[in-house]
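The block underneath contains the structure these notes are about, expressed in structure tokens.
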């Protein structure tokens, strides 16, 4: 049985304030990221107006504005769905068995699972499964090697799934990976991690990213259910 590191643990005092804190953080970055393409729309429409006034063809600027507007609308819809989605029923379940069930579809993707906690957790199982899946998919897609490792560990009265892959986090600010922004095709960084953090917080848990040597770790940590 492994022991999960707590060096990056959140210091928020309880589950409710932690969830509120992450929701406020999500909204701040969401509104900022939404404003970026909308500002681009305004600038390109102004450019189209000036071109038209000079007797020039404004179609290129209009097409760019259309693309930016579509990006803004897509981001708005994804954020709205995430924020307004009704939570499911809270249930109690085996942490180890749940991890195994969620990871089973990824068995052919070089996923290696080790460790057991023998503990139970409670929460919205469907949302927590989405959170774990997002972390695993991100690790698989961004790994510099064909193997991704998942370790089931304990940290006091909390249970952890630590997902490791070879790679590097952004040096300037890894927190940017939790921003609810539109990302490149085929990549799930962004809304997937924002969703994982919000859903984990809803169950009193946390999602953390870390770098140790040439390995990136994503940790999903949940409070163990009292016996």
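Numbering (the working numbering), first residue to last: 22 to 248.
Beta carbons: idealized from backbone N, C-alpha and C, even for Gly.
- When C-alpha distances from residue 231 are compared across 168, 191, 165, the shortest belongs to 191.
- Nearest to residue 99 by alpha-carbon distance, out of 112, 153, 124, 54, is 54.
- Rounded to the nearest whole angstrom, the CA to CA distance from residue 137 to residue 239 is 18 Å.
- Secondary structure of residue 145 (DSSP, three-state): strand.
- With a cutoff of 8 Å on beta-carbon distance, residue 246 and residue 227 are scored as not near each other.
- Ranked by how close their Cα comes to the Cα of residue 140, the residues 178, 154, 186, 236 have 178 in first place.
- The three-state reading of DSSP puts residue 166 in coil, since its state is none of H, G, I, E or B.
- Rounded to whole angstroms, the separation of the alpha carbons of residue 223 and residue 156 is 16 Å.
- Per DSSP, reduced to three states, the secondary structure at residue 56 is helical.
- Counting every other CB atom within 10 Å of its CB across the protein chains shown gives residue 45 a total below 16, marking it as exposed.
- Inside the stretch 74 to 99, DSSP marks no whole beta strand (DSSP E) run of 3 or more residues.
- By the criterion of a C-beta distance shorter than 7 Å, residue 160 is surrounded in its chain by 169, 184, 186, 239, once the five residues flanking it on both sides are discounted.
- Here residue 142 is near residue 244, since their CB atoms are less than 8 Å apart.
- Contact check for residue 116 and residue 180: beta-carbon distance about 5 Å, within the 8 Å limit, so the pair qualifies.
- Counting along the chain, residue 133 sits inside the beta strand (DSSP E) bounded by residues 132 to 135.
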